[in-house]
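> I am attaching a structure below and will ask some questions about it afterwards.
2 protein chains.
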Amino acid sequence: MAGHLAPGDRLPTEAELMQTYGCARMTVNKALSALSVAGLVDRRKRAGTFVARPKLHSMVLDVPDIAAQVRERGQDYAYRPLVRSVRPAGVEAEETLLAGEGLLLQIDGLHHADGVAFGVEFRLISAAAVPQIVDADLDTVSPGSWLLSHVPWTEAETRISAVAATSNEARRLGVAAGEPCLCVERRTWRGSERVTYVRQLFLGHAYDLVARFGPGTSTR
Amino acid sequence: MAGHLAPGDRLPTEAELMQTYGCARMTVNKALSALSVAGLVDRRKRAGTFVARPKLHSMVLDVPDIAAQVRERGQDYAYRPLVRSVRPAGVEAEETLLAGEGLLLQIDGLHHADGVAFGVEFRLISAAAVPQIVDADLDTVSPGSWLLSHVPWTEAETRISAVAATSNEARRLGVAAGEPCLCVERRTWRGSERVTYVRQLFLGHAYDLVARFGPGTSTR
DNA sequence: TCATTATAAATGTATAGACAAAATAGATCG
DNA sequence: CGATCTATTTTGTCTATACATTTATAATGA
């Protein structure tokens, strides 16, 4: 971290470090292994341990709770449901996003900050994976928060892009069509079962995401 | 992962797992510690090990090499420099982005796919932190790639947002002003020294980012 | 009843020793 | 000269043991 070793440089062997720091090899090994999973060094048997070339290939993206983030700025957060419908899967092309398993719950809603809408959300939930959702009260709490606290999930994929608001979306957000928006699409699984698909559209000037890489990031 | 244990459930103690799987406690401990740093379980002394409630608070964001990503789609990638200037820091307000240390190198450039520009990049590099950059050949290779392979860095922060292309940016990208673009701003440090600031603007329909959370993500 | 103290249960971390696995470097042979 | 085999170095992983640290729970006392 101090920069004494450049990427590609070889570190002392475990045996040498063991001597240097006067501790057992297991201890050195655990430390180096930790550096390895943190991506700071590469280790190859027989060859040794090398400073990894920094790769920007992965960073830790903070996906903040929307409500908490808004409140942190001193604003008032509110979620307002727009549409809620239960229907069998496979009716529309969109359902390929969640794909064919029993009943499908569609929930649209708006995210407000200080009473002004800054994000619109389209969500599909598989009733097969989340049976409790049908009777849940989703008028005040956002389905995102509800799912987070009620449904264990094991895998998620988020796609981030920039799009122009369609006329429909723009109307809901109270802006002109074509307004640049940050589009967050997220698919969530529990095991191999799909749980939910959500597409969130945030006004470009009202929302951003932050990702970090560095000490303290990977080690939490 | 199989869902047999719900969030909040308590796992067997290390001693019990040791019996169950017939191995040493150190082995059990290493396994549980790994699950802990992966964020799948929480461990409290005296209390035990518990299935963590899934938090969407952090995901792993793939920041792909732009060139590689374009080529993966079967397209031809090219970087073309636009502006390159060396000047003392502190001249413009922008320099607060990298802040006052000696000479500052500004490099603007375009990212092309199959000859068509899809991204424009504005970059500041601290010559104090990267003295070699002044003499580097940056006509064919993008400064991003050059820096990656020549400068070890320890920390980076990326901000992602959606913005409308300014008339200047739109001209360079060959689109209409106001076109929605994905804006990626990244600050990079080595220790406490700032290395570079970059602001990249990608055409919304030509670029997106993907973040994942799940088995195999944190463990690489 | 409440605050304080003591006990014990669980994780956290270190050690020394052993063997496995991989891959480089060298030796051998055609 | 090249291919193949061998030896050795280095990391990967497990084991058994020991002691430290934290903290939930039980015991104690005013």
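These protein sequence lines are chains B and G, in that order. Sequential numbering from 791 applies to the first sequence in this note's numbering. Sequential numbering from 791 applies to the second sequence in this note's numbering. For each residue, glycine too, the CB sits at the ideal point set by N, CA and C. Please read these numbers as outputs of a predicted model, since none were measured by experiment.
Against chain G, does Glu947 of chain B count as a neighbour if the rule is that its beta carbon must be under 7 Å from one of theirs?
Residue contact with chain G for Glu947 of chain B: present (Cβ-Cβ distance below 7 Å to some residue of chain G).
> Have a look at Val965 of chain B and Leu993 of chain B and give me their C-alpha separation to the nearest angstrom.
9 Å
> Between the C-alpha atoms of Ser848 of chain G and Leu795 of chain G, what's the straight-line distance to the nearest angstrom?
22 Å
> Give the single residue among B:Arg984, B:Leu801, B:Arg962, B:Thr978 whose Cα lies nearest to the Cα of Glu947 of chain B.
B:Thr978
> If distances are taken between C-alpha atoms only, which option among B:Met791, B:Ser951, B:Ile897, B:Gly838 comes closest to Gly933 of chain B?
Rather than Gly, the amino acid found at residue 933 of chain B in this sequence is Pro. It is B:Ile897.
> Can you look up Gln809 of chain G in the DSSP assignment and give me helix, strand or coil?
helix
> Consult DSSP for Gly934 of chain G and reduce its assignment to one of helix, strand or coil.
helix
> Identify, in the order they occur along the chain, each residue of the same chain with its Cβ nearer than 6 Å to the Cβ of Phe912 of chain B, setting aside the five sequence neighbours on each side.
Asp898, Arg989
> Applying a beta-carbon distance threshold of less than 7 Å, which residues of chain B neighbour Trp943 of chain G?
Pro844
> Are the C-beta atoms of Leu999 of chain G and some chain B residue less than 7 Å apart?
yes
> Using C-beta distances below 6 Å, list every residue in its chain close to Arg843 of chain G, excluding the 5 sequence neighbours before and after it, in chain order.
Around Arg843 of chain G, the same chain offers Pro797 as residues with beta carbons nearer than 6 Å, after the five sequence neighbours per side are excluded.
> Less than 7 Å between the beta carbons of Leu914 of chain G and Leu894 of chain G, yes or no?
Yes, the pair counts as a contact, with Cβ atoms nearer than the cut-off.
> Just the C-alpha distance for Pro854 of chain B and Arg874 of chain G, rounded to the nearest angstrom, thanks.
One C-alpha to the other measures close to 37 Å.
> Give, in chain order, every residue of the segment 819 to 832 of chain B whose Cβ lies closer than 9 Å to some Cβ of chain G.
Lys820, Ala824, Val827, Gly829, Leu830
> In chain B, which residues lie with their C-beta within 7 Å of the C-beta of Arg863 of chain G?
Near Arg863 of chain G there are no residues of chain B at all, since even the closest Cβ is about 15 Å away, more than 7 Å.
> Going by beta carbon distance, what residues of the same chain come within less than 6 Å of Ser1008 of chain B, once the five residues before and after it are set aside?
Because Ser1008 of chain B carries a pLDDT of 47, less than 50, the predicted location of this residue cannot be relied on, and the following value inherits that uncertainty. Excluding sequence neighbours, Ser1008 of chain B sits near Ala828.
> Thinking C-beta only, is Val1000 of chain B closer than 7 Å to Ala980 of chain G?
The sequence shown places Arg at residue 980 of chain G, rather than the Ala named in the question. No. Outside cutoff.
> Checking contacts by CB at 7 Å: is Ile950 of chain B closer than that to chain G?
yes
> Taking only the alpha-carbon atoms, compute the straight-line gap between Ile923 of chain B and Thr839 of chain G and give it to the nearest angstrom.
29 Å
> Which residue wins for smallest C-alpha separation from Asp832 of chain G, given the options G:Ala814, G:Arg800, G:Pro970, G:Val941?
G:Arg800
> Can you pull the chain G neighbours of Gly793 of chain B, defined as C-beta to C-beta under 7 Å?
Per Cβ cutoff of 7 Å: Pro942, Arg980, Gly981.
> What three-state label does DSSP hand Glu969 of chain B in the structure shown?
Correct three-state label for Glu969 of chain B: coil.
> Quick one: Cα of Thr944 of chain B to Cα of Arg976 of chain B, how far?
So the two alpha carbons sit approximately 13 Å from each other.
> What separation, rounded to the nearest whole angstrom, lies between the Cα atoms of Arg1010 of chain B and Arg961 of chain G?
Legend: pLDDT at Arg1010 of chain B = 34, less than 50; position of this residue unreliable, value from coordinates given subsequently. Those two C-alpha atoms are separated by around 43 Å.
> If you run the structure through DSSP and keep just helix, strand and coil, what is Thr1009 of chain G?
Bear in mind that a pLDDT of 35 at Thr1009 of chain G, under 50, signals an unreliable position, so the model cannot answer this.
> Mind pulling the alpha helix (DSSP H) runs of 4 or more residues that sit fully within the segment 814 to 885 of chain B?
Complete alpha helix (DSSP H) runs here, min 4: 815 to 827, 856 to 862.
> How long is the line joining the alpha carbons of Gly812 of chain G and Thr817 of chain B, rounded to whole angstroms?
It is roughly 24 Å from the alpha-carbon of Gly812 of chain G to the alpha-carbon of Thr817 of chain B.
> If you measure from the beta carbon of Thr799 of chain G to each beta carbon in chain B, is any gap under 7 Å?
Checking the sequence, you will find Asp at residue 799 of chain G rather than Thr. Cβ-Cβ to chain B under 7 Å: no for Asp799 of chain G.
> Strictly below 8 Å CB to CB, what residues from chain B border Gly994 of chain G?
Ser951, Ala952, Val953, Ala954, Pro970
> Using a C-beta cutoff of 7 Å, does Ala858 of chain G count as contacting chain B?
no
> Quick check: is the beta carbon of Arg836 of chain G nearer than 7 Å to any beta carbon in chain B?
Arg836 of chain G does not count as touching chain B.
> Would you say Leu806 of chain B and Arg815 of chain B are within 7 Å of each other, going by their C-beta atoms?
The amino acid occupying residue 806 of chain B in the given sequence is Glu; Leu does not appear at that position. No, Cβ-Cβ distance for Glu806 of chain B and Arg815 of chain B is not below 7 Å.
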